[in-house]
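Residue numbers (our numbering), protein chains in the order written: chain B, 49 to 481; chain G, 388 to 633. Yeah, the Cβ is synthetic: ideal placement off N, Cα and C, and Gly gets one too. Since the model is a prediction, treat every value here as computed from it, not as a measurement.
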Amino acid sequence: MTEKGKELFDKVKENINILQTEGTLEKQFGDFWKLACTIKTRQHDLQYLYDDSSREFVDKYRETLIKMREDFVNHMDDYVEKCINIMRKKNFTVYYAKTNEEAQKIFMEELGDTKTIYKSKSNQAKDIGIIDILKTNNIKIKETDLGDVLVQLFKYELPSFQVGPGAHFTEEEIAAKIKEVYDVDLEPKAHAIVDFFRNTYRKELLNDIKVSLTSANAISAEDGTIVLGENEGNISLITRATEKHIVVCGITKIVPNILDAVLITKLQSRINNVSYNYISLISGPSNTSDIQGTSVQGMYGAKEVVVILVDDWRTKAAKKNLFYKEFLKCIGCKSCIFPCTASRAFGNIFASKYGLGGIAIIRDYIHNGIEAAVEDGLFLCTSCENCYHWCPVSINLGEILRKMKKEASEKGLAPPYLDQYKEKIFKEKNPFK
Amino acid sequence: MTKLIFLGCLSKTKYQETCKNAIKIIKTLDSEFEILEDVPCCGALAYHIGSDSELKTHVEYVNDWFKSKNISNIVTICAGCYNYLTKYYPQFLGEDFKIEVKHLIQFMAQKENLAKLNLKNLGKPLKVSYHDACHLRNAELPVIEEPRIILESIENVELKELDNNKKNSICCGAGGGVYSVFKENSDHNSKLIFDQLKRGKALLTACPFCYTALYRVRNDNQIKKPVIKFEDFIVKIMEGVDPLVD
Ligand code: SF4
Ligand code: SF4
Numbered sequence: 049m050t051e052k053g054k055e056l057f058d059k060v061k062e063n064i065n066i067l068q069t070e071g072t073l074e075k076q077f078g079d080f081w082k083l084a085c086t087i088k089t090r091q092h093d094l095q096y097l098y099d100d101s102s103r104e105f106v107d108k109y110r111e112t113l114i115k116m117r118e119d120f121v122n123h124m125d126d127y128v129e130k131c132i133n134i135m136r137k138k139n140f141t142v143y144y145a146k147t148n149e150e151a152q153k154i155f156m157e158e159l160g161d162t163k164t165i166y167k168s169k170s171n172q173a174k175d176i177g178i179i180d181i182l183k184t185n186n187i188k189i190k191e192t193d194l195g196d197v198l199v200q201l202f203k204y205e206l207p208s209f210q211v212g213p214g215a216h217f218t219e220e221e222i223a224a225k226i227k228e229v230y231d232v233d234l235e236p237k238a239h240a241i242v243d244f245f246r247n248t249y250r251k252e253l254l255n256d257i258k259v260s261l262t263s264a265n266a267i268s269a270e271d272g273t274i275v276l277g278e279n280e281g282n283i284s285l286i287t288r289a290t291e292k293h294i295v296v297c298g299i300t301k302i303v304p305n306i307l308d309a310v311l312i313t314k315l316q317s318r319i320n321n322v323s324y325n326y327i328s329l330i331s332g333p334s335n336t337s338d339i340q341g342t343s344v345q346g347m348y349g350a351k352e353v354v355v356i357l358v359d360d361w362r363t364k365a366a367k368k369n370l371f372y373k374e375f376l377k378c379i380g381c382k383s384c385i386f387p388c389t390a391s392r393a394f395g396n397i398f399a400s401k402y403g404l405g406g407i408a409i410i411r412d413y414i415h416n417g418i419e420a421a422v423e424d425g426l427f428l429c430t431s432c433e434n435c436y437h438w439c440p441v442s443i444n445l446g447e448i449l450r451k452m453k454k455e456a457s458e459k460g461l462a463p464p465y466l467d468q469y470k471e472k473i474f475k476e477k478n479p480f481k
Numbered sequence: 388m389t390k391l392i393f394l395g396c397l398s399k400t401k402y403q404e405t406c407k408n409a410i411k412i413i414k415t416l417d418s419e420f421e422i423l424e425d426v427p428c429c430g431a432l433a434y435h436i437g438s439d440s441e442l443k444t445h446v447e448y449v450n451d452w453f454k455s456k457n458i459s460n461i462v463t464i465c466a467g468c469y470n471y472l473t474k475y476y477p478q479f480l481g482e483d484f485k486i487e488v489k490h491l492i493q494f495m496a497q498k499e500n501l502a503k504l505n506l507k508n509l510g511k512p513l514k515v516s517y518h519d520a521c522h523l524r525n526a527e528l529p530v531i532e533e534p535r536i537i538l539e540s541i542e543n544v545e546l547k548e549l550d551n552n553k554k555n556s557i558c559c560g561a562g563g564g565v566y567s568v569f570k571e572n573s574d575h576n577s578k579l580i581f582d583q584l585k586r587g588k589a590l591l592t593a594c595p596f597c598y599t600a601l602y603r604v605r606n607d608n609q610i611k612k613p614v615i616k617f618e619d620f621i622v623k624i625m626e627g628v629d630p631l632v633d
């Protein structure tokens, strides 16, 4: 074990200590998360809103999904080219960014003089480094998903649950925070809190918004349609009321056609037991030809829709057959997080700045290397493969993480006892001797 | 040709009574099975961190040992050994690995063997639950239905499934070598398994790693219902002893 390995091991141990200490944010989230995982896992087997359970729904489409994603990974170039061509014809402004850095640069240029950006929930923006670059440039980031608004209000910086990011704050805590920040007395009840934001923030947003940022649940290569699902209506507002709507996402969001794109969006809603009351299909900027048949962009909706499709590690992983190539199939549904043994036990210390669980740790590895992954709690994973059993496209995250553990071990970053076991097995042919 | 009972390092070191019980069952069913001295470790714990070349060397060493003893069949009593011998040995060795490997539970569940065992619980009707170990449910040839077939065959024993069972079972939190370093994982997850033990009077498991974690967490939480190793349970039934009494 190297010095660095020791340092990282101590860091993870320290994180576990914090997780178990009463009163810390980590403990607060951890306790909430344990409960949430247990409930969520059960909900998959329940008929919730529909005639079938979400597990039955996933099972019904599993084969279609796997085929669809494998086909995409094997013909990534073709799909990307097809998608970009059709999008250009439909008056999207489209960029293909080779790297995250390139995407960040394009993004800042597209942002121009604007100093405030309204955004919806987007892991992709985090992944591609857009959030970091906005922060560096002092651009005001206005979250619009209520959960994220709360996370911002509390200045909560730890990884949180992407689907319900503020769900661990209690009504009392939120009301007290609103009093502290806005000096407004509220009944500590969900409806009062929602009313407060509806009456203040919604108006502010409609008056102020110039540029908005979203990701995409999926993009159809056949007709260049962006699909975005949501509950609150925030995405509908920020994609319509704005001058410019910028979409940033990895090229892996592309799927063959519109039905596939809607299926994937629906699946994400089913798995997370959110109803997606709104699904937007965006095929270009707002447009009218009502004056003498002249086509003019930007009547009520966005004048311009900019799409930045980011490659970064993706083509390389496919072409070079890297060990995490499978991860290209990921549709970002988060199905793998609730049943994850390590996530359940370790909440937001089995996580990275990209979010919770194995997927976020793999992202950290791809962008920041093996040391980052070890610090994120790589060695807390038990290789139970629950992630694999639950993933609708059968990605074996456990196996990808295992390969990462091997790399860590080769670099002297494996925890001390594991190292000793290995030695004993190879030398004495019994780890417990 | 030699038929080998593969005890596994953990059971051999920590659970000798269980080893005796497993041997008793196997010998009852096929007396040709033997115990040999100095059986090497399958290497399971090293799979998470060993490099491919290190592992290949180890696997080849073990296979040579098997060859030197003329081994044709193996019955393992450890879930981990079963998983690794059936998954990674063929992966590294291909055709060169020719041994038929079964887990004790698979072996017992064979029709003729079950008939031979003819298990009856002489005491009061008993409800038990079974915890699916990752090593058995994730194996190349998963062992999922077999324990259920065995339990259902026992007169006066009824299986009460945990909420999370078969492929969706909750991992005890000890796998992947995590137990030796981060026990906190099993603190939570093993407890969750006990929380699902509602109508079952005892929790059965066929994996010594799961057992180790479950046993500790049971004690830490002062849980009354016992966790019992599958083979210990079966032998008590065979001998007409109350399986819930230690
Ligand atoms: S294999 Fe690892 S990442 Fe996958 S569910 Fe198990 S603990 Fe989580
Ligand atoms: S890896 Fe996780 S997020 Fe990705 S598709 Fe599979 S279950 Fe969904």
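Boundaries (first-last residue) of the beta strand (DSSP E) holding residue i
i	result
isoleucine 461(G)	458-463
phenylalanine 202(B)	First-last for phenylalanine 202(B): undefined, no H or E at that position.
phenylalanine 393(G)	389-393
valine 295(B)	292-298
Minimum C-alpha distance to residue i - residue among the options
i	options	result
valine 353(B)	Val296(B), Leu428(B), Cys378(B)	Val296(B)
proline 387(B)	Thr86(B), Ile222(B), Arg318(B)	Thr86(B)
valine 60(B)	Gly430(G), Phe393(G), Asp451(G), Lys570(G)	Lys570(G)
serine 540(G)	Ala526(G), Val530(G), Ser573(G), Lys498(G)	Lys498(G)
serine 442(B)	Ile379(B), Ser284(B), Asn478(B), Asn416(B)	Ile379(B)
lysine 585(G)	Glu548(G), Ile436(G), Lys511(G)	Glu548(G)
cysteine 594(G)	Cys396(G), Leu391(G), Thr389(G), Lys390(G)	Cys396(G)
alanine 496(G)	Val628(G), Asp483(G), Asp519(G), Ile531(G)	Ile531(G)
Span of the alpha helix (DSSP H) around residue i
i	result
isoleucine 580(G)	571-582
threonine 184(B)	178-184
aspartate 425(G)	No alpha helix (DSSP H) contains aspartate 425(G), which DSSP labels as neither H nor E.
lysine 108(B)	102-122
valine 604(G)	595-607
glutamate 487(G)	Counting along the chain, glutamate 487(G) falls outside any alpha helix (DSSP H), though it belongs to the beta strand (DSSP E) covering 487-490.
asparagine 335(B)	Here asparagine 335(B) belongs to no alpha helix (DSSP H); instead the beta strand (DSSP E) covers 335-339.
threonine 273(B)	That residue, threonine 273(B), is in no alpha helix (DSSP H); its beta strand (DSSP E) goes 273-278.
serine 391(B)	389-394
glycine 406(B)	405-416
serine 317(B)	306-319
Below-8 angstroms beta-carbon distance, residue i vs any chain B residue
i	result
glycine 430(G)	yes
aspartate 633(G)	no
proline 529(G)	no
leucine 523(G)	no
asparagine 572(G)	yes
threonine 389(G)	no
Below-8 angstroms beta-carbon distance, residue i vs any chain G residue
i	result
tyrosine 469(B)	yes
proline 479(B)	yes
arginine 110(B)	no
threonine 86(B)	yes
phenylalanine 474(B)	yes
proline 304(B)	no
histidine 437(B)	yes
histidine 321(B)	Just to set this straight, residue 321(B) is asparagine in the shown sequence, not histidine. Cβ-Cβ to chain G under 8 angstroms: no for asparagine 321(B).
proline 463(B)	yes
arginine 90(B)	yes
lysine 225(B)	no
asparagine 434(B)	yes
valine 466(B)	Sequence inspection shows leucine at residue 466(B); the valine mentioned does not correspond to that position. Yes, because at least one Cβ of chain G sits closer than 8 angstroms to the Cβ of leucine 466(B).
### Selection of the segment 553-568 of chain G by Cβ proximity to chain B, strictly under 9 angstroms
Interface annotation for the segment 553-568 of chain G against chain B: Lys554, Asn555, Ser556, Ile557, Cys558, Cys559, Gly560, Ala561, Gly562, Gly563, Gly564, Val565, Tyr566, Ser567, Val568, criterion Cβ-Cβ distance under 9 angstroms.
### Cβ-based contacts, 7 angstroms cut-off: residues of the segment 413-432 of chain B near chain G
Listed by position, the residues of the segment 413-432 of chain B near chain G (Cβ gap below 7 angstroms) are Phe427, Leu428, Cys429, Thr430, Ser431, Cys432.
### Query
Three or more beta-carbon pairs under 8 angstroms between the segment 472-483 of chain G and the segment 403-414 of chain G, yes or no?
No, the segment 472-483 of chain G does not touch the segment 403-414 of chain G.
### Message
Output needed in chain order: residues of the segment 385-407 of chain B with a Cβ under 8 angstroms from some Cβ in chain G.
### Response
Cβ proximity to chain G below 8 angstroms picks out Pro387, Thr389, Ala390, Arg392, Ala393, Phe394 from the segment 385-407 of chain B.
### Message
For the pair the segment 162-172 of chain B and the segment 244-251 of chain B, tell me if three or more CB-CB distances fall below 8 angstroms.
### Response
No: fewer than three Cβ pairs fall under 8 angstroms.
### Task
Tell me, please, whether the segment 456-471 of chain G touches the segment 497-511 of chain G by the rule of three or more beta-carbon pairs shorter than 8 angstroms.
Using a C-beta cut-off of 8 angstroms, the segment 456-471 of chain G makes no contact with the segment 497-511 of chain G, since fewer than three inter-stretch Cβ pairs fall below that distance.
### Task
Give the residues from the segment 449-461 of chain B that approach chain G closer than 8 angstroms (Cβ to any Cβ), ordered along the chain.
Taking 8 angstroms as the Cβ-Cβ cut-off against chain G, the residues of the segment 449-461 of chain B that qualify are Arg450, Lys453, Lys454, Ala456, Ser457, Glu458.
### Query
Is there contact here, the segment 413-420 of chain G with the segment 423-437 of chain B, by at least three beta-carbon pairs under 8 angstroms?
Pairwise C-beta distances place the segment 413-420 of chain G out of contact with the segment 423-437 of chain B, as fewer than three of them are shorter than 8 angstroms.
### Query
Is the segment 273-292 of chain B touching the segment 144-152 of chain B, taking contact as three or more C-beta pairs under 8 angstroms?
Taking a cut-off of 8 angstroms for Cβ pairs, the segment 273-292 of chain B and the segment 144-152 of chain B do not touch, as fewer than three such pairs fall below it.
### Query
Of all the residues that make up the segment 423-453 of chain G, which are near chain B by a beta-carbon distance shorter than 7 angstroms?
Answer set for the segment 423-453 of chain G: Pro427, Cys428, Gly430, Leu432, Ala433, His435, Ile436, Gly437, Ser438, Glu441, His445.
### Query
So does the segment 394-406 of chain B actually touch the segment 454-467 of chain B, counting three or more Cβ pairs closer than 8 angstroms?
No, because fewer than three Cβ pairs between the segment 394-406 of chain B and the segment 454-467 of chain B fall closer than 8 angstroms, the two stretches do not touch.
### Query
Between the segment 331-344 of chain B and the segment 412-423 of chain B, do at least 3 Cβ pairs fall closer than 8 angstroms?
Segments in contact, no.
#### Entry: the segment 436-452 of chain B touching the segment 103-123 of chain B, judged by at least three CB pairs closer than 8 angstroms
Enough Cβ pairs lie closer than 8 angstroms, so yes.
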